[in-house]
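Novice: Quick note on numbering: the sequence shown equals residues 1 to 297 in full-length UniProt numbering. The beta-carbon is built from N, C-alpha and C at its ideal position, and this holds for glycine as well.
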Amino acid sequence: MHLLITGGTGLIGRHLIPRLLLLGHQVNVVTRDVAAARDKLDPRVSLWSGINQQTDLDGIDGVINLAGEPIADKRWTEQQKQRLCESRWQITEQIVSLIHASSNPPHFLISGSATGFYGDTGDLVLTEDDPGHDEFTHALCARWEQLALNAQSDRTRVCLLRTGVVLAEEGGALAKMKLPFKLGVGGPIGSGKQYLPWIHIDDLVNAIIWLIDNNHLNGPFNMVAPYAVRNEQFAATLGHVMHRPAFMRTPASAIKLMMGESAVLVLGGQHVLPKRLEESGFGFRWYDLQEALQDVV
């Protein structure tokens, strides 16, 4: 298939693209910096310097939309919140418009979202059937998803990736989590009771390919391992795998002082289950946290 990917130089894209090429797909990546993307990606990948010059997506069999500014890199000022929204919403709107303008539109749009759709929901067990809690991450993801769903038709199906914390060898949230453990000051954050939905990068890539290959699937999918853990369990397991102590608890007050409103990303949590993925027949390779961390750490 001839595929178009946004956000191809990000953590997920860098792992997904080699698998797609191995499977024989042709890959185009939309990027704002062609030179930087060329350094990061396989030379077989074709690069588009933006999407504004396109008038349709005829000839593209499927779109995988992963673009979006990292949500935890900066404090959530009003300006930063706007950037987080626009970096996701604008390109999704552009893609949907191009799909509608196509005589032969892509067969599918697989579009990013996050478990932040559910907001901070405590101990509630959540599946794709549950609504989100009204807060910033829910508003961001809900609008992002609705824009993507506007592409749904009898010729284009839409799948939504509600992704948890991605465990990968380099980059992503895990890279930041490992630093205090390397310094010997790792441990739970806040109460430690908040759930942390996680997924191994290999399972995430396999799940995306599963959605590509199974053309009856559409709608939201929780991209998380079947067994969510609490923050304190995650910290203890990471410390064990890294052979470092894991008893230095970071008070919630310190996190709020450092991160402001975005502290909810680490002090809050979601107990999310991958109900629709499992019901579709997808099989996880990495469902034990310790084994997953040992593989990537």
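In the DSSP assignment, what residue or residues form a beta bridge with residue 223?
Specialist: Residue 223 sits at position 223 when you count from the first residue of the sequence shown. The partner list for residue 223 (beta bridge, DSSP) reads 163.
Novice: What residues are listed by DSSP as bridge partners for residue 26?
Specialist: As a working mapping, residue 26 is identified with position 26 in the sequence shown. Residue pairing of residue 26 in beta bridges, as defined by DSSP: 2.
Novice: What number of angstroms, rounded off, separates the C-alpha of residue 287 from the C-alpha of residue 225?
Specialist: Your numbering for residue 287 matches position 287 in the sequence shown. Your numbering for residue 225 matches position 225 in the sequence shown. For residue 287 and residue 225, the distance between alpha carbons rounds to 6 Å.
Novice: With DSSP collapsed to three states, give me the class of residue 287.
Specialist: Position 287 of the sequence shown, counted from the first residue, corresponds to residue 287. It is coil, neither helix nor strand.
Novice: Counting beta carbon pairs with one atom in the segment 61-81 and one in the segment 104-111, are three or more of them shorter than 8 Å?
Specialist: yes
Novice: Can you round the beta-carbon distance between residue 162 and residue 220 to whole angstroms, since I take them to be within the 8 Å contact cut?
Specialist: By one-based count along the sequence shown, residue 162 stands at place 162. By one-based count along the sequence shown, residue 220 stands at place 220. Residue 162 to residue 220, Cβ: 6 Å. Contact.
Novice: Do three or more CB pairs link the segment 68-76 to the segment 45-60 at distances below 8 Å?
Specialist: Taking a contact to require three or more Cβ pairs closer than 8 Å, the segment 68-76 and the segment 45-60 do not qualify as touching.
Novice: May I have the straight-line CA-CA distance separating residue 291 from residue 196, to the nearest angstrom?
Specialist: The residue labelled residue 291 in the question sits at position 291 within the sequence shown. The residue labelled residue 196 in the question sits at position 196 within the sequence shown. As the crow flies, the alpha-carbon of residue 291 is around 16 Å from that of residue 196.
Novice: Which runs of the beta strand (DSSP E) spanning at least 3 residues fall entirely within the segment 110-168, listed in chain order?
Specialist: Secondary structure in the segment 110-168: the beta strand (DSSP E) runs of 3 residues or longer, each lying completely within the stretch, are 157-163 and 165-167 in chain order.
Novice: Nearest-angstrom Cα distance between residue 80 and residue 20?
Specialist: Taking the sequence shown and counting its residues from 1, the one referred to as residue 80 is at position 80. Taking the sequence shown and counting its residues from 1, the one referred to as residue 20 is at position 20. Between residue 80 and residue 20, the C-alpha separation is close to 33 Å.
Novice: Residue 114 and residue 141: beta carbons closer than 8 Å?
Specialist: In the sequence shown, residue 114 corresponds to position 114, counting from 1. In the sequence shown, residue 141 corresponds to position 141, counting from 1. Yes, the pair counts as a contact, with Cβ atoms nearer than the cut-off.
Novice: I'd like to check one pair, residue 29 with residue 49: are the Cβ atoms closer than 8 Å?
Specialist: Mapped onto the sequence shown, residue 49 falls at position 49. Mapped onto the sequence shown, residue 29 falls at position 29. In this structure, residue 49 lies away from residue 29, with their beta-carbon atoms at least 8 Å apart.
Novice: Please look up how many angstroms separate the CB atoms of residue 118 and residue 134, rounded, as I've assumed it's under 8 Å.
Specialist: To locate residue 118, count along the sequence shown from 1; it is residue 118. To locate residue 134, count along the sequence shown from 1; it is residue 134. Not a contact, Cβ separation roughly 11 Å.
Novice: When you compare only the Cα positions, how much space is there between residue 27 and residue 233?
Specialist: Position 27 of the sequence shown, counted from the start, is the residue given in the question as residue 27. Position 233 of the sequence shown, counted from the start, is the residue given in the question as residue 233. So the two alpha carbons sit approximately 39 Å from each other.
Novice: Could you give the first and the last residue of the continuous alpha helix (DSSP H) run that contains residue 205?
Specialist: Taking the first residue of the sequence shown as position 1, residue 205 is located at position 205. Element bounds for residue 205: 201-213.
Novice: Measuring CA to CA, which of 60, 24, 14 and 158 is closest to residue 38?
Specialist: Against the sequence shown, residue 38 aligns to sequence position 38. For the residues 60, 24, 14 and 158, the minimum Cα distance to residue 38 belongs to 14.
Novice: Excluding sequence positions up to five away, which residues of its chain have a Cβ less than 7 Å from the Cβ of residue 165?
Specialist: To locate residue 165, count along the sequence shown from 1; it is residue 165. Contacts found: 173, 196, 197 and 198.
Novice: Take residue 11 and list the residues in its own chain whose beta-carbon comes closer than 7 Å to its own, dropping the five residues that flank it on each side.
Specialist: For the purposes of this step, residue 11 is taken as the residue at position 11 of the sequence shown. So the list reads 166, 168, 171 and 172, once near-sequence residues are dropped.
Novice: Between residue 94 and residue 51, how many whole angstroms is the CB-CB distance? I'm expecting something under 8 Å.
Specialist: Along the sequence shown, read from residue 1 onward, the residue named residue 94 stands at position 94. Along the sequence shown, read from residue 1 onward, the residue named residue 51 stands at position 51. Indeed they touch by this definition, with Cβ atoms about 5 Å apart.
Novice: Please list the terminal residues of the continuous beta strand (DSSP E) segment that includes residue 46.
Specialist: Translated into positions along the sequence shown, residue 46 becomes position 46. 46-49 is the span of the beta strand (DSSP E), which, as asked, contains residue 46.
Novice: In chain order, which beta strand (DSSP E) runs of at least 3 residues are fully inside the segment 164-194?
Specialist: 165-167
Novice: Mapping the DSSP letters down to three states, classify residue 76 as helix, strand or coil.
Specialist: Looking up residue 76 in the sequence shown gives position 76. In this structure, residue 76 counts as coil in the three-state DSSP scheme.
Novice: Report the option in 218, 272 and 255 whose CA atom is closest to the CA atom of residue 149.
Specialist: The residue labelled residue 149 in the question sits at position 149 within the sequence shown. Nearest option by C-alpha distance: 218.
Novice: Following the continuous alpha helix (DSSP H) through residue 239, name the residue where it begins and the one where it ends.
Specialist: By 1-based counting over the sequence shown, the position of residue 239 is 239. From DSSP, the alpha helix (DSSP H) with residue 239 extends over 231-242.
Novice: Would you list the residues sitting across from residue 196 in a DSSP beta bridge?
Specialist: The residue you call residue 196 lines up with position 196 of the sequence shown. In the DSSP output, where bridge partners are listed per residue, residue 196 has 229.
Novice: Whole angstroms are fine: how far does the CA of residue 192 sit from the CA of residue 92?
Specialist: Numbered from 1 along the sequence shown, position 92 holds the residue referred to as residue 92. Numbered from 1 along the sequence shown, position 192 holds the residue referred to as residue 192. Annotation: residue 92 to residue 192 spans about 35 Å, alpha carbon to alpha carbon.
Novice: For residue 185, which residues of its own chain have a beta-carbon under 7 Å away from its beta-carbon, when the five flanking residues on both sides are left out?
Specialist: Residue numbering aside, residue 185 sits at position 185 when the sequence shown is read from its first letter. The answer, listed in chain order, is 248.
Novice: Label residue 125 either buried or exposed according to how many other C-beta atoms from any shown protein chain fall within 10 Å of its C-beta, with 16 as the threshold for buried.
Specialist: Numbered from 1 along the sequence shown, position 125 holds the residue referred to as residue 125. Flag for residue 125 reads exposed.
Novice: Report back the beta-carbon spacing between residue 269 and residue 120 to the nearest angstrom; my notes put them in contact at under 8 Å.
Specialist: Your numbering for residue 269 matches position 269 in the sequence shown. Your numbering for residue 120 matches position 120 in the sequence shown. That belief holds up - the Cβ atoms of residue 269 and residue 120 are roughly 7 Å apart, short of 8 Å.
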